[in-house]
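If you're matching positions, the sequence shown starts at 216 in this note's numbering and goes up one per residue. Note that the Cβ used here is the ideal one computed from N, Cα and C, for glycine as well. Contents: one structure, followed by commentary.
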Amino acid sequence: MTAPHPLDRPVWSMLTGRQAHLAEGGGAAVRIDRGYGVFGAAPDTGAAALAAFAALVPDEGEIWIVEGEPWPVPPGTREVKRAVLAQMVAEGAPPLREGEPAIIALGDDDAPEMASLAEHAKPGPWGPKTHRYGPFFGIRENGRLLAMAGQRILVPGMAEVSGVATWEDCRGRGLARALIGHVMREMVARGEQPFLHSYADNAGAIALYESLGFRIRREVHVLAIAK
């Protein structure tokens, strides 16, 4: 029997593998450190696993489940939303293009600006520690952070491009393209295959990712739950 691909259950693979140090909970269910975000997972949809998962849902706030197949709502919780994502992978990275803007590494000192940009652009769940997932990069102009991109989920041999965000008045300048390409090259240089997730109905974003070498691998399902 063929072993499941780690991207078929990306959050479970993440929190029981390379990023297990970020997990809260136990073997029956896990969620990521709340400072990093809202993702969680359980080993299966059995009654014991769903009960353990429900116990991790905070009194205020949400947990997001990302799975290859739609999941049921755990007893004692309520569905906030469902969505379908296009899961995309790339075989390499695009070359550096002439004239691309200067890209800088971002860190703790940049966290307040990164959080403001994330609140504006909504690149996915963002918490006070999200910028610490791994290398994040940005483009500044006259001191202002115009755009950023980085990584989030890590599975064996693969890393997720994430947190791609640009201020609305700065869009159309190729900043996201330059940043995504930079993040991809960083990943490839350390021997990892880039992947990402996009809402399946976001045709514009998917077209951009395809132009950078990404191809759709499969659809995955998001379920956000709360008490």
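| Query | Result |
| --- | --- |
| Determine the extent of the alpha helix (DSSP H) in which H397 is found, giving its start and end residues. | 390 to 404 |
| Look at the Cβ atom of R246, then the Cβ atom of L271, and state whether they are nearer than 8 Å. | yes |
| Can you list, in chain order, the stretches of the alpha helix (DSSP H) that have 4 or more residues and sit fully within the stretch 299 to 371? | 326 to 336 |
| Using DSSP bridges, identify the partner residues of E429. | The sequence shown places Phe at residue 429, not Glu. In DSSP, F429 forms a bridge with A305. |
| What does DSSP give as the partner residues of Q408 in its beta bridges? | M373 |
| Using CA atoms only, rank isn't needed, just tell me which of G283, R430, P273 is closest to L438. | G283 |
| Look at the alpha carbon of S331 and the alpha carbon of T217, and state the distance between them as a whole number of angstroms. | 44 Å |
| Could you have a look at T286 and say whether DSSP puts it in helix, strand or coil? | Checking the displayed sequence, the identity of residue 286 turns out to be Trp instead of Thr. If DSSP states are grouped into helix, strand and coil, W286 belongs with coil. |
| Apart from the five residues just before and just after G349, which ones in its own chain have a Cβ nearer than 8 Å to its Cβ? | G365, Q366, R367, L369, A374 |
| Inspect the beta-carbon positions of I395 and L427 and report whether they are closer than 8 Å. | yes |
| I want to know whether the stretch 273 to 288 touches the stretch 385 to 395 - three or more CB-CB distances under 8 Å. | no |
| Does DSSP put L265 in a helix, in a strand, or in coil? | helix |
| Along the alpha helix (DSSP H) that carries V226, what are the first and last residues, could you check? | 225 to 230 |
| Please return the same chain residues whose Cβ sits closer than 8 Å to the Cβ of W286, not counting the five positions on each side in sequence. | T260, I280, H436, L438 |
| Is Y414 helix, strand or coil by DSSP? | strand |
| Cβ atoms of L265 and P452: under 8 Å apart, would you say? | Since the first and last residues shown for the chain are 216 and 442, residue 452 lies out of range. |
| Using the DSSP secondary-structure output, state which residues sit across from G297 in a beta bridge. | In the sequence on display, residue 297 carries Arg and not Gly. DSSP output for R297 lists L438 as bridge partner(s). |
| Would H236 be called buried (16 or more neighbouring beta carbons within 10 Å of its own) or exposed? | exposed |
| Pick out whichever of A336, R355, H335, A326 has its Cα sitting closest to the Cα of P343. | A326 |
| Buried or exposed: where does E313 fall if 16 or more other Cβ atoms within 10 Å of its Cβ makes it buried? | exposed |
| Within 10 Å of its beta-carbon, does P371 have 16 or more other beta-carbons around it, so buried, or fewer, so exposed? | exposed |
| Going by C-alpha distance, which of R249, F254, G250, G241 is nearest A263? | G241 |
| Give a yes or no on whether 8 Å exceeds the smallest Cβ distance from P309 to chain B. | Within the model displayed, chain B is absent; a lone protein chain is all it includes. |
| Starting from the Cα of A441, find the closest Cα among A238, H220, R233, V253 and give me that residue. | V253 |
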